[in-house]
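>
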Amino acid sequence: MVYLIIIILIVGAVAYYLNTKGVITPRGKESKLRERCRILLKMPPQEADQVIDRLVEREKNRNPGKTEEWYLDKILYDLEKDYR
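Numbering (numbering that gives the first Met the number 0), first residue to last: 0 to 83.
1. Between the Cα of Q49 and the Cα atoms of P63, E34, R61, N62, which residue gives the shortest distance?
2. Is the segment 4 to 18 touching the segment 55 to 66 in the sense that three or more CB pairs, one from each, lie closer than 8 Å?
3. Please list the terminal residues of the continuous alpha helix (DSSP H) segment that includes P44.
4. Can you tell which of Q45, P44, E29, P43 has the C-alpha that lies nearest to the C-alpha of I74?
If you want it as structure tokens, here you go:
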């Protein structure tokens with residue numbers, strides 16, 4: 000019983016450490032990029048998400064083989080450029 004508690008504590012500590020380093024949630028940056036895009040679009044969240052999804056698909060057609068983060072970063076760059 001004591002060993003089970005020790006194992007649970009170790010697994011919990013490792014999971015906490017990996018979570019704080021961003022290993023467990025690799026989409027953390029993607030979420031932040033999406034949120035920044037939503038802010039610049041100045042739309043209700045659901046509409047903004049639909050627009051972002053369409054923009055991602057358009058960029059995937061123009062620049063295939065990139066990561067989701069790359070597409071979101073490109074969209075954010077374009078939105079910021081248009082905003083200025």
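Glycine included, each C-beta is placed from N, C-alpha and C at the ideal position.
Here the structure is a predicted model, which is why all the values come from computation and not from measurement.
In short, the structure shows the following:
1. E34
2. no
3. 44 to 61
4. E29
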